[in-house]
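Participant:
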Amino acid sequence: MKILVLDTDHTRGEHICSSLEMQGHSAQLATNWQDAIGFLQKDRFPMVLLDKQVLDAKAQNISAMRRSSLGYIYTIVMCDEDFDESASDIGSNAYVVGNINLDTIEKAVNTASDFVMRSKQLSNDAEDFPSAGGVISKSAFYQLFLSAMQRAGRYNELEFVLFIAIDNYKNILVEDGEYSANHATARLAHHLAQTRRQSDILAQTGHHEYAILFLRPDDKDEPIEATRRFANTLSTIRDYTTGLSDVNVTLKLQTLPSGDIIDEHTFSVSGQN
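Residue numbering for the sequence shown follows the numbering used here, beginning at 325 and increasing consecutively.
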């Protein structure tokens, strides 16, 4: 992944870039705001790692950076120990606070990389899934997803997304055929639509994946409880299978805009033996 590193400390910036490249990323160093904007206008960087002092010194913000880029960018801001993320209106996806070393940066980048790939999949308009039966299209969902990301980053609103996927879809397709694979996804969609609350926004985001947006819940526990309710309900239903293969389902609840996974469930429904 191409990552732009914006750090006024040239030596530290070079160390960070070297570390990122050792992890298989492509890193570009900028030591001032003007150079960073120039890089973003010329090339596509899905992720930017930046020193908060640059924002302070230039009175710039993340929104201005995103407006200058060729697409949505995931930002990680490096901050001092006294930084209060909960009171910040910077609008970044994630923060590295306090002891800024290569290990903490690597952890933040790894989390970000997974979420960036997920966002890229949602934004890909080459393949869409139409609205049907209480399930909205992927393209419509992506616009709501982006809005939720921006609100969560800028106003510290609580926003969450739950991804539900049939992990062994390809295996079912090979072993039991297209009918069985499509039957499993169709039944999953049906039961998700039946289980969701009216406020839950449900979409098909892949051939074997669905997503639910939990917008502005009262607290962090609400989407966790909802995720457990989905997992408990879905795992008791046995009509996913028509062939010999088991159907393996995973649910992952992620916070916006960071993409941190805060709850995860898996279950398996046995095939027709």
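C-beta atoms are modelled at their ideal positions from N, C-alpha and C, and glycine is treated no differently.
Sort GLN474, VAL378, ARG540 by Cα distance to PHE484 and report the nearest one.
Facilitator: As a position in the sequence shown, residue 484 is number 160, starting the count at 1. That would be ARG540, whose Cα lies nearest to the Cα of PHE484.
Participant: Based on Cα-Cα distance, which residue from THR579, ASP359, HIS532, ARG520 lies nearest to ILE488?
Facilitator: What you label residue 488 is simply residue 164 of the sequence shown in a count that begins at 1. Here the closest residue by C-alpha is HIS532.
Participant: For a test of the three-state rule: what should DSSP assign to LYS579, helix, strand or coil?
Facilitator: Residue 579 sits at position 255 when you count from the first residue of the sequence shown. The sequence given here has Thr at residue 579, not Lys. THR579: strand per DSSP, three-state reduction.
Participant: Buried or exposed: which applies to GLY395, given that a residue is buried once 16 or more other Cβ atoms fall within 10 Å of its Cβ?
Facilitator: Translated into the one-based positions of the sequence shown, residue 395 becomes position 71. GLY395 is exposed by the Cβ-count criterion.
Participant: Under the DSSP definition of a beta bridge, which residues are partnered with CYS341?
Facilitator: Translated into positions along the sequence shown, residue 341 becomes position 17. Its beta-bridge partners do not exist; DSSP assigns none.
Participant: To which residues does DSSP link ASN572 through a beta bridge?
Facilitator: Counting from 1 along the sequence shown, the entry for residue 572 is found at position 248. Beta-bridge pairing links ASN572 to SER592.
Participant: Where ASN385 and ASP359 are concerned, what is the direct C-alpha to C-alpha distance, given to the nearest angstrom?
Facilitator: The count along the sequence shown starts at 1 and reaches residue 385 at position 61. The count along the sequence shown starts at 1 and reaches residue 359 at position 35. Cα-Cα distance, rounded: 15 Å.
Participant: How close, in whole Å, do the beta carbons of LEU537 and ALA472 come, if the pair is a contact with beta carbons under 8 Å?
Facilitator: Position 213 of the sequence shown holds residue 537. Position 148 of the sequence shown holds residue 472. About 6 Å; that satisfies the 8 Å criterion.
Participant: Once you ignore the five residues that flank LEU516 on each side, which residues in its own chain have a CB closer than 8 Å to its CB?
Facilitator: Locating residue 516 in the sequence shown gives position 192, where the first residue counts as 1. So the list reads VAL459, ILE488, LEU526, TYR534, ILE536, PHE554, LEU558, once near-sequence residues are dropped.
Participant: Check whether the Cβ atoms of ALA354 and PHE363 lie closer than 8 Å to each other.
Facilitator: Taking the sequence shown and counting its residues from 1, the one referred to as residue 354 is at position 30. Taking the sequence shown and counting its residues from 1, the one referred to as residue 363 is at position 39. Closer than 8 Å, so yes.
Participant: Quick one: any contact between the stretch 567-587 and the stretch 499-512, if contact means 3 or more CB pairs under 8 Å?
Facilitator: With a cut-off of 8 Å, the stretch 499-512 and the stretch 567-587 count as touching, because enough Cβ pairs lie within range.
Participant: Considering only C-alpha positions, which residue in the set GLN596, THR551, SER592, LEU568 is nearest to LEU577?
Facilitator: Your numbering for residue 577 matches position 253 in the sequence shown. For the residues GLN596, THR551, SER592, LEU568, the minimum Cα distance to LEU577 belongs to THR551.
Participant: The alpha helix (DSSP H) with ALA476 in it runs from where to where?
Facilitator: What you label residue 476 is simply residue 152 of the sequence shown in a count that begins at 1. Its alpha helix (DSSP H) spans residues 462-479.
Participant: Which runs of the alpha helix (DSSP H) at least 4 residues long sit entirely within the stretch 525-562? Give them in chain order.
Facilitator: List check, alpha helix (DSSP H) in window: 545-559.
Participant: Between ILE490 and THR335, what straight-line distance do the alpha-carbon atoms span, to the nearest angstrom?
Facilitator: Translated into the one-based positions of the sequence shown, residue 490 becomes position 166. Translated into the one-based positions of the sequence shown, residue 335 becomes position 11. So the alpha carbons of these two residues sit roughly 46 Å apart.
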